[in-house]
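2 protein chains.
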Amino acid sequence: MNYETPLFFHVMEYADAADRDVIDMVSGNPDWQPPDALREGLREYADLEPDRFQYPPSEGLLELREEIATRRGVDADRIVVTNGAGEANYLAMARALERDSGDEILLTDPVYPYYPGKTTMLGGTQSYVATDEAGQLDPDDVRAAASAETAAIVVNTPNNPTGAVYPAETMRELVAIAEEVDAVLISDEVYDHYDLSGEFASALEIDSDHRVVTNAVSKSMAVTGVRVGYAVFPPGLVANAKSRHMLVNVATTRPGQYAVLKALRETGPDYYERNRQRLRDRVETFTDALDAAGAEYTSPSGSFYVMARFDGYPGTLENVERLIDEAGVAGMPGEAFGDSRTEWLRFALVTPCVEEAAERLARYFD
Amino acid sequence: MNYETPLFFHVMEYADAADRDVIDMVSGNPDWQPPDALREGLREYADLEPDRFQYPPSEGLLELREEIATRRGVDADRIVVTNGAGEANYLAMARALERDSGDEILLTDPVYPYYPGKTTMLGGTQSYVATDEAGQLDPDDVRAAASAETAAIVVNTPNNPTGAVYPAETMRELVAIAEEVDAVLISDEVYDHYDLSGEFASALEIDSDHRVVTNAVSKSMAVTGVRVGYAVFPPGLVANAKSRHMLVNVATTRPGQYAVLKALRETGPDYYERNRQRLRDRVETFTDALDAAGAEYTSPSGSFYVMARFDGYPGTLENVERLIDEAGVAGMPGEAFGDSRTEWLRFALVTPCVEEAAERLARYFD
Numbered sequence: 009m010n011y012e013t014p015l016f017f018h019v020m021e022y023a024d025a026a027d028r029d030v031i032d033m034v035s036g037n038p039d040w041q042p043p044d045a046l047r048e049g050l051r052e053y054a055d056l057e058p059d060r061f062q063y064p065p066s067e068g069l070l071e072l073r074e075e076i077a078t079r080r081g082v083d084a085d086r087i088v089v090t091n092g093a094g095e096a097n098y099l100a101m102a103r104a105l106e107r108d109s110g111d112e113i114l115l116t117d118p119v120y121p122y123y124p125g126k127t128t129m130l131g132g133t134q135s136y137v138a139t140d141e142a143g144q145l146d147p148d149d150v151r152a153a154a155s156a157e158t159a160a161i162v163v164n165t166p167n168n169p170t171g172a173v174y175p176a177e178t179m180r181e182l183v184a185i186a187e188e189v190d191a192v193l194i195s196d197e198v199y200d201h202y203d204l205s206g207e208f209a210s211a212l213e214i215d216s217d218h219r220v221v222t223n224a225v226s227k228s229m230a231v232t233g234v235r236v237g238y239a240v241f242p243p244g245l246v247a248n249a250k251s252r253h254m255l256v257n258v259a260t261t262r263p264g265q266y267a268v269l270k271a272l273r274e275t276g277p278d279y280y281e282r283n284r285q286r287l288r289d290r291v292e293t294f295t296d297a298l299d300a301a302g303a304e305y306t307s308p309s310g311s312f313y314v315m316a317r318f319d320g321y322p323g324t325l326e327n328v329e330r331l332i333d334e335a336g337v338a339g340m341p342g343e344a345f346g347d348s349r350t351e352w353l354r355f356a357l358v359t360p361c362v363e364e365a366a367e368r369l370a371r372y373f374d
Numbered sequence: 009m010n011y012e013t014p015l016f017f018h019v020m021e022y023a024d025a026a027d028r029d030v031i032d033m034v035s036g037n038p039d040w041q042p043p044d045a046l047r048e049g050l051r052e053y054a055d056l057e058p059d060r061f062q063y064p065p066s067e068g069l070l071e072l073r074e075e076i077a078t079r080r081g082v083d084a085d086r087i088v089v090t091n092g093a094g095e096a097n098y099l100a101m102a103r104a105l106e107r108d109s110g111d112e113i114l115l116t117d118p119v120y121p122y123y124p125g126k127t128t129m130l131g132g133t134q135s136y137v138a139t140d141e142a143g144q145l146d147p148d149d150v151r152a153a154a155s156a157e158t159a160a161i162v163v164n165t166p167n168n169p170t171g172a173v174y175p176a177e178t179m180r181e182l183v184a185i186a187e188e189v190d191a192v193l194i195s196d197e198v199y200d201h202y203d204l205s206g207e208f209a210s211a212l213e214i215d216s217d218h219r220v221v222t223n224a225v226s227k228s229m230a231v232t233g234v235r236v237g238y239a240v241f242p243p244g245l246v247a248n249a250k251s252r253h254m255l256v257n258v259a260t261t262r263p264g265q266y267a268v269l270k271a272l273r274e275t276g277p278d279y280y281e282r283n284r285q286r287l288r289d290r291v292e293t294f295t296d297a298l299d300a301a302g303a304e305y306t307s308p309s310g311s312f313y314v315m316a317r318f319d320g321y322p323g324t325l326e327n328v329e330r331l332i333d334e335a336g337v338a339g340m341p342g343e344a345f346g347d348s349r350t351e352w353l354r355f356a357l358v359t360p361c362v363e364e365a366a367e368r369l370a371r372y373f374d
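So the protein lines, in turn, are chains P and R.
Using my numbering, read the first sequence as starting at 9 and increasing by one per residue.
Using my numbering, read the second sequence as starting at 9 and increasing by one per residue.
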């Protein structure tokens, strides 16, 4: 079996090895500070008694699950604390495929490339529904594509790579479609704290036995490397997901869970608002410069990404590497996100140098 | 699909909920101190710049892989840093089954129950080779059981639950058998620092394209909750294992990797020897008391466990729960480890109260 491994790490390594300074806009790694309480949580943990260094409950520390449950308005029993949203999505997709209700995973085009990779690994087949130019998904298109073969519909809102935020009506329709064809809507909401539009609607708002929500603090707390996320399952699907989690990972890292719990409790809304405002400023700076360069682009409603298109410069891996070497800006090839964005490049606004990056792009494509 | 979830967490919860003081000898959670350098590593990490909180390389921090590679005498490219030995074994077993060279996983009886659980989850089938009373595995029995259908042979040395340590000759034969039937020997060596016999032989000593070694610092550094382990794959099998790791977990927790790297570098042999000596003392104390109680038992050559048999008290879950309630000692039911040990109970020597526990058992069975 050959999996398609997402290209992120490859492009980052290429950029690191480049013989010049490169502005890194490849991966969704925030460059801002984690909450102080998260750092303090790690310090506190370091001083705990030996028993606190041992296995936490497999499904996650009870206090952490309760904290998440209260915030999300669900029963703690339905939550599995995972090794980031990555494992949460893996568990959700595996659970959907194991229901013996089809082996098709319905994805969007463009798509976050881990989803098709996980699908292949889990023995499922991918089908794609195209979004519009702005990244919005028409539920009628999803309904037309869904069938008895559909095991899951996987969406990501706010969206990577398009920056789209799906309105509440779309989320309601997606859950309804999952119910109609006996599939599971998997809503990956890891960018929920970076909704710039005020339009974000969590799938948790629609009660259903056909809906799983995945999330993590990786983006909201700027700690992609700590690896603490979670999935909220319907009551009928959670037991088997917990078993898979136990059999794959035994448990999620305890120092990370401890620090995240402290950070959830002690971090006020100003932390998150500051990060959103920084992102808004960067979007404006970057897109202004793209305007000046005459490039086409999407202005994100949420998440970290701007997709841009430069005339005669398709979004291939080769062109991304050339841009690293010749312009000193590292993005992601649009082709990594699906057939509909092969002309595009994706830039993550996770560097203080967005203005300089935009200027380099403008000079290069001038 | 219904997985068989290992019972450990269930028994621990039962013991926690008991209406009396209970000596916990259920799980392999060391009660001794982690290395000071590991604690210090977490403190150091807490003060690092934001970029150090982001995704490490998917296969693990380069410096950690190099540190492990040097210690184990292998190329760093063959190492995947995992979420504990649990994920390492999952990756190894998945890799073996994907080779399209059989779907049988050959296990020992008694067995560490995560192995059959993982096998079912991965769509494989279990076969068992019985060990002798001391837990030793006769390679001729393995050879007789192995066939073209065998994808992997999974062993654990030093062994949980028997305490057996396989001699070098057994390891050589097991690798040879894997080569003969085009299978993979997976050697889980997570208790390697608790060899009390001096006889431990790592499968890494035998160079082969049919051998994967898994390990972790969970036991050696008394940090089962930190979740840092690794697998060493043959060159031809490593790429796909790295892909699966990326698609399941993206990466292993970075604060944990950082702290473990520091602890590997700065912890001297006295730390490990002190823990072995404590274990030797506890084995002696516990088995002396079992002798006095007239119980049958195995004295471990390695790992944390003593298997004991009390006349007319088979090792069922029901009897384990009765022992918790009536004697105040929590062990694991032998039936959890396979058909051959249904008469036995397993006690983990990870409490300072082993003498008190043995006395309680002696009184209860008097």
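The C-beta atom is built at its ideal place from N, Cα and C for all residues, glycine as well.
None of the values given here were measured: they were computed from a predicted structure.
Taking CB distances under 8 Å as the criterion, tell me whether P:A239 reaches chain R. Residue mapping note: residue 239 of chain P aligns to position 231 of the first sequence, counting from 1. Judged by the 8 Å Cβ criterion, P:A239 is not in contact with chain R.
Could you check whether the Cβ of R:Y280 sits closer than 7 Å to any heavy atom belonging to the ligand FMN? In terms of ligand content, the structure shown is empty, and the ligand FMN therefore cannot be addressed.
Partners in chain R for P:Y53, counting only beta-carbon separations shorter than 8 Å: As a working mapping, residue 53 of chain P is identified with position 45 in the first sequence. Simply L50.
According to a CB-to-CB cut-off of less than 7 Å, which residues of the stretch 115-144 of chain R neighbour chain P? Per Cβ criterion, the list reads Y122, G125, K126, M129.
Pick from P:I161, P:Y321, P:T260 that is closest to P:Y372, judged by C-alpha positions: In the first sequence, the residue the question calls residue 372 of chain P occupies position 364. When each option's Cα is compared against that of P:Y372, the closest is P:Y321.
For P:A224, the first and last residue of its enclosing beta strand (DSSP E): Counted from its first residue, the first sequence places residue 224 of chain P at position 216. That run of the beta strand (DSSP E) goes 219-224.
Apart from the five residues just before and just after R:I1, which ones in its own chain have a Cβ nearer than 7 Å to its Cβ? Nothing in the structure corresponds to residue 1 of chain R, since chain R is present only between 9 and 374.
Just to check my reading of the structure: P:A172 and P:A142 have Cβ atoms closer than 8 Å, yes? What is that Cβ distance to the nearest angstrom? Here residue 172 of chain P refers to the residue found at position 164 when the first sequence is read from its first residue. Here residue 142 of chain P refers to the residue found at position 134 when the first sequence is read from its first residue. Between P:A172 and P:A142 a beta carbon distance of about 6 Å is seen, short of the 8 Å cut, so the two are scored as contacting.
Cβ of R:R262 less than 8 Å from any chain P Cβ? Residue 262 of chain R sits at position 254 when you count from the first residue of the second sequence. By this cut-off, R:R262 is an interface position.
Helix, strand or coil for R:I194? Go by DSSP, reduced to three states. What you label residue 194 of chain R is simply residue 186 of the second sequence in a count that begins at 1. Note: R:I194 maps to strand in three-state DSSP.
Indicate whether P:A356 and P:F318 have their beta-carbon atoms separated by less than 8 Å. Locating residue 356 of chain P in the first sequence gives position 348, where the first residue counts as 1. Locating residue 318 of chain P in the first sequence gives position 310, where the first residue counts as 1. For P:A356 and P:F318, no; Cβs fall outside 8 Å.
Less than 8 Å between the C-beta atoms of R:G132 and R:I113, yes or no? By one-based count along the second sequence, residue 132 of chain R stands at place 124. By one-based count along the second sequence, residue 113 of chain R stands at place 105. A distance below 8 Å separates the beta carbons of R:G132 and R:I113.
At a Cβ threshold of 8 Å, is R:P277 touching chain C? Absent here is chain C; the protein component of the structure consists of chains P and R.
Pairing CB atoms from the stretch 349-368 of chain R with CB atoms from the stretch 288-306 of chain R, are three or more of them under 8 Å? The stretch 349-368 of chain R vs the stretch 288-306 of chain R: in contact.
Count the C-beta pairs between the stretch 44-54 of chain R and the stretch 344-355 of chain R that are closer than 8 Å, then say yes if the count reaches three, no if not. Taking 8 Å as the limit for Cβ pairs, the verdict is that the stretch 344-355 of chain R does not touch the stretch 44-54 of chain R.
Is R:E364 close to chain P? Criterion is C-beta to C-beta, closer than 8 Å. Against the second sequence, residue 364 of chain R aligns to sequence position 356. Answer no: the Cβ-Cβ gap between R:E364 and chain P never drops below 8 Å.
Output needed in chain order: residues of the stretch 89-100 of chain P with a Cβ under 7 Å from some Cβ in chain R. Contact annotation: in the stretch 89-100 of chain P, residues whose CB is within less than 7 Å of a CB in chain R are N91, G92, G94, E95, Y98.
Contact set between P:R286 and chain R, taken where Cβ atoms lie within less than 7 Å: Here the question's residue 286 of chain P lines up with position 278 in the first sequence. Correct list: empty, because the minimum Cβ distance to chain R is about 12 Å.
Does R:R255 come within less than 8 Å of chain P when only Cβ atoms are used? Within the second sequence, numbered from 1, the residue matching residue 255 of chain R stands at position 247. Per the sequence presented here, residue 255 of chain R reads as Leu, with Arg not at that position. At a cut-off of 8 Å between C-beta atoms, R:L255 counts as an interface residue with respect to chain P.
Partner residues on chain R for P:D39, Cβ-Cβ distance less than 8 Å: Translated into the one-based positions of the first sequence, residue 39 of chain P becomes position 31. Chain R residues near P:D39: P58, D59.
Closest to R:Y199 by C-alpha separation, out of R:S228, R:V337, R:D217, R:Q144, would be which residue? Locating residue 199 of chain R in the second sequence gives position 191, counting from the first residue. Between R:Y199 and the set R:S228, R:V337, R:D217, R:Q144, the nearest pair of CA atoms involves R:S228.
Just verifying my parser: in three-state terms, what is the DSSP assignment at R:M340? Translated into the one-based positions of the second sequence, residue 340 of chain R becomes position 332. Here DSSP, grouped into helix, strand and coil, assigns R:M340 to strand.
Does chain P have any CB closer than 8 Å to the CB of R:T13? Numbered from 1 along the second sequence, position 5 holds the residue referred to as residue 13 of chain R. It does: the Cβ of R:T13 has a partner Cβ on chain P nearer than 8 Å.
According to DSSP, residues forming a beta bridge with R:A239: Against the second sequence, residue 239 of chain R aligns to sequence position 231. DSSP lists R:V88, R:T222 as the beta-bridge partner residues of R:A239.
Would you list the one or two residues that DSSP bridges to R:E304? On the second sequence, position 296 is the one that residue 304 of chain R refers to. In DSSP, R:E304 forms a bridge with R:R317.
Could you tell me which residues DSSP puts in a beta bridge with P:I161? Here residue 161 of chain P corresponds to residue number 153 of the first sequence, with the count starting at 1. P:I161 pairs with P:L114, P:L193.
Take R:T359 as the anchor and find which of R:E52, R:L287, R:L212, R:L272 has the nearest alpha-carbon. The residue you call residue 359 of chain R lines up with position 351 of the second sequence. It is R:L287 whose Cα lies nearest to the Cα of R:T359.
From the beta carbon of P:V246, is the nearest beta carbon of chain R less than 8 Å away? Here residue 246 of chain P is taken as the residue at index 238 of the first sequence, counted from 1. Chain R, which has no Cβ nearer than 8 Å to the Cβ of P:V246, makes this no.
I'd like to know if R:R354 contacts chain P, where contact means its C-beta is closer than 8 Å to some C-beta of that chain. If you number the second sequence from 1, residue 354 of chain R lands on position 346. No, its Cβ sits nowhere closer than 8 Å to a Cβ of chain P.
Note the first and the last residue of the continuous alpha helix (DSSP H) segment covering R:L72. Position 64 of the second sequence, counting from 1, holds the residue named residue 72 of chain R. Where R:L72 is concerned, the enclosing alpha helix (DSSP H) stretches over 70-80.
Quick check on the burial criterion: 16 or more other C-beta atoms within 10 angstroms. Buried or exposed for P:R330? Taking the first sequence and counting its residues from 1, one reaches residue 330 of chain P at position 322. Within a 10 Å sphere around the beta-carbon of P:R330 sit fewer than 16 other beta-carbons, which makes this residue exposed.
When you compare the CB of P:R252 with every CB in chain R, is at least one pair closer than 8 Å? As a working mapping, residue 252 of chain P is identified with position 244 in the first sequence. Closer than 8 Å: yes.
In whole angstroms, give me the CA-to-CA distance for P:V258 and P:G68. Within the first sequence, the letter at position 250 stands for residue 258 of chain P. Within the first sequence, the letter at position 60 stands for residue 68 of chain P. For P:V258 and P:G68, the distance between alpha carbons rounds to 10 Å.
Work out the CA separation of P:G264 and P:V234 for me, nearest whole Å. On the first sequence, residue 234 of chain P is found 226 positions in, with the first residue counted as 1. On the first sequence, residue 264 of chain P is found 256 positions in, with the first residue counted as 1. P:V234 and P:G264: Cα-Cα distance of roughly 6 Å.
Which residues in chain P have a C-beta closer than 7 Å to the C-beta of R:V231? List them in chain order. Working through the second sequence from its first residue, we reach residue 231 of chain R at position 223. What R:V231 touches in chain P: F61.
With a threshold of 8 Å between beta-carbons, can P:V234 be considered close to chain R, or not? Residue mapping note: residue 234 of chain P aligns to position 226 of the first sequence, counting from 1. Output row for P:V234: interface = yes.
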